[in-house]
Amino acid sequence: TGMITLDPGYGNTGSCTSDITFINGEKGILQYRGYAIEELAEKSTFMETAYLVLYGQLPTQAQLSAFEKEISGEAYLHYGMKSHFEGFPDNAPPMAVLSAMLNILSCYNTDLLTTATEGPKFTEPAAKIISKVRAIAAWAYRTSKGKPFMPPRPDLSYSGNFLHLMFSQTFDMYEPLPEVERALDLFLILHADHEQNCSTSTVRMVGSSHASLFSAVSAGVGALWGPLHGGANCEVIKMLTHIHQDGISPHDFVEKAKDKNSPEKLMGFGHRVYKSFDPRAKILKGQVDNVLKALNVSDPLLDIAYELEEMARSEDYFKERNLYPNVDFYSGILLRAIGIPVDMFTVLFAIGRMPGWIANWREMHQQSLRISRPRQIYTGETLRAYTPMDQR
Ligand code: CMC
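In my numbering, the protein residues as written are 38 to 429.
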């Protein structure tokens, strides 16, 4: 069987070759398909970036319009799905609902459970997932609030339609503030892909058994949910709120985060790959202030965040370990400012990451990779005789 190389957490294992996303962790570089994240954040829309990540090129106007039309045509949910939502308790975690409902989409699309990477058998499920994930997220939220479901509005932008599905009181009354719509679009662009992170690797892992795209992305949501991954964006706000409301000094909190015996970590800090800065955090930090000003709100949590960042920058503990704010550190403040409830933050991350997961799934099948099947080094008992019950 040859030598097995042990690499817990896969920090040094390349699991695939990929043309989608480039990261240079030392220099803080992130590019989708060769385009700098800074430029996409400034000039692109989420729909355009989603097309780019999925298909490899910036779309022409005709390609973009066709893609947007396909996405908005899939914005509704099958009426039968209503009963599934009614089965969840009010306090169901929205990430659990999202994962379950993405898998349930397979039940309504049994003709699309293939590994096709071209043609309608790929473009249809891809568009369905990217589009319907919004309605699933919004329906999960509205169910938990006892509110009726809103039918989608195809005249609105991707982000505008999501905000309508979430917050509209009546079908035709929603007027998204352009700043809010743009801030959400920016958030989604920044989350569109991030190479072989835990959830993307999960999507590839599940897809490698030739399970459907629906179940692969459903598993991706499960992986993203954890507080060390996408769940960190909720944890950051909980941490900042705790510091704020309980009057804890940021200095004491940082001391606790440094203590090996304390379970507290500085949430929103550190990254497996970025060792100088996370370019997404830098962009978000730059935008948060603008968005708060445009919305005419101030958030005391932002001052605490600045203070924690300053402190971490000057403390040896963080410098020695190259711990910098990651994408989740400032994103929560942005989402809070535009009215997204905290327990939906990670769901928003999942909506943004959908193009990346689907692009990775597609690329894997285009390359006809083998099933993912890591090995282990066995450290348990050697062969021993079965002990009868009365002798144990
Ligand atoms: N606060 C305090 N200490 C930390 C932190 C932190 N946030 N992150 C890492 N460390 C310490 C860690 O204890 C270790 O110390 P030592 O060398 O003394 O044992 C050292 O830094 C190296 O950390 P690691 O755990 O080996 O790093 P990793 O690559 O396995 O984990 C991470 C990366 C992101 C899971 C981790 O930094 C972390 O848990 N951060 C907090 C959660 C978070 O913000 N996650 C979001 C990640 S970014 C995007 C996303 O996926 O959502």
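Just so it is clear, CB atoms sit at the ideal spot from N, CA and C, and this is done for glycine as well.
All figures in this text were calculated on a predicted structure; none of them were measured in a lab.
beta-carbon residue i near the ligand CMC non-hydrogen atom, thresh 7 Å
i	result
residue 397	no
residue 365	yes
residue 234	yes
residue 393	no
residue 36	In the structure displayed, the chain extends from 38 to 429; residue 36 sits before or after that span and is not available.
residue 308	yes
residue 229	no
residue 241	no
residue 284	no
residue 358	yes
residue 294	yes
residue 304	yes
residue 46	yes
Residue interval of the alpha helix (DSSP H) (run including residue i)
i	result
residue 354	353-357
residue 69	Premise fails: residue 69 lies in the beta strand (DSSP E), 66-69, not in any alpha helix (DSSP H).
residue 59	Run containing residue 59: none in the alpha helix (DSSP H); it sits in the beta strand (DSSP E), 58-61.
residue 83	83-92
residue 178	157-181
residue 244	235-244
residue 248	Here residue 248 belongs to no alpha helix (DSSP H), and DSSP marks it neither H nor E.
residue 270	269-282
residue 326	316-332
residue 41	Counting along the chain, residue 41 falls outside any alpha helix (DSSP H), and DSSP gives it neither H nor E.
residue 74	74-80
residue 140	131-145
residue 222	215-227
residue 291	287-295
residue 121	118-123
residue 195	195-204
residue 104	98-110
Residue i versus the options, residue with shortest Cα-Cα distance
i	options	result
residue 182	208, 155, 170 and 125	125
residue 54	406, 219 and 412	406
residue 236	253, 224, 249 and 246	253
residue 227	295, 277, 80 and 289	80
residue 398	373, 300 and 246	246
residue 220	370, 44 and 260	370
residue 204	429, 384, 408 and 378	378
residue 46	429, 187 and 413	413
residue 58	110, 109 and 230	230
residue 394	91, 51 and 40	91
residue 352	384, 337 and 290	290
residue 241	409, 338 and 270	409
residue 234	88, 257, 222 and 320	257
residue 139	188, 165 and 158	165
residue 119	130, 40 and 134	134
residue 94	107, 70 and 374	70
residue 67	404, 286 and 232	232
residue 121	107, 136, 109 and 108	136
residue 40	180, 372, 415 and 419	415
residue 169	148, 154 and 191	191
residue 403	84, 425, 159 and 222	159
residue 193	186, 211, 267 and 179	211
residue 178	425, 381, 419 and 422	381
residue 83	153, 44, 223 and 216	223
residue 249	130, 419, 96 and 163	163
> Taking contact to mean at least 3 C-beta pairs separated by less than 8 Å, is the stretch 366-373 in contact with the stretch 338-345?
Replying inline: yes
> Quick one: any contact between the stretch 356-363 and the stretch 196-213, if contact means 3 or more CB pairs under 8 Å?
Replying inline: no
>> Restricting to runs no shorter than 4 residues, where is the alpha helix (DSSP H) found entirely within the stretch 347-421?
In response: 353-357, 364-374 and 382-403
> Does the pairing of the stretch 371-388 with the stretch 173-193 give three or more beta-carbon distances under 8 Å?
Replying inline: yes
>> Measuring CB atoms only, is the stretch 304-315 touching the stretch 323-340, in the sense that at least three cross pairs come out at less than 8 Å?
In response: no
> Can at least three beta-carbon pairs, one atom from the stretch 92-107 and one from the stretch 134-153, be found at a separation below 8 Å?
Replying inline: no
>> Tell me whether the stretch 312-328 and the stretch 276-285 touch, counting them as touching only if at least three CB pairs, one residue from each stretch, are closer than 8 Å.
In response: no
>> Count Cβ pairs between the stretch 57-64 and the stretch 312-319 that sit closer than 8 Å; are there 3 or more?
In response: yes
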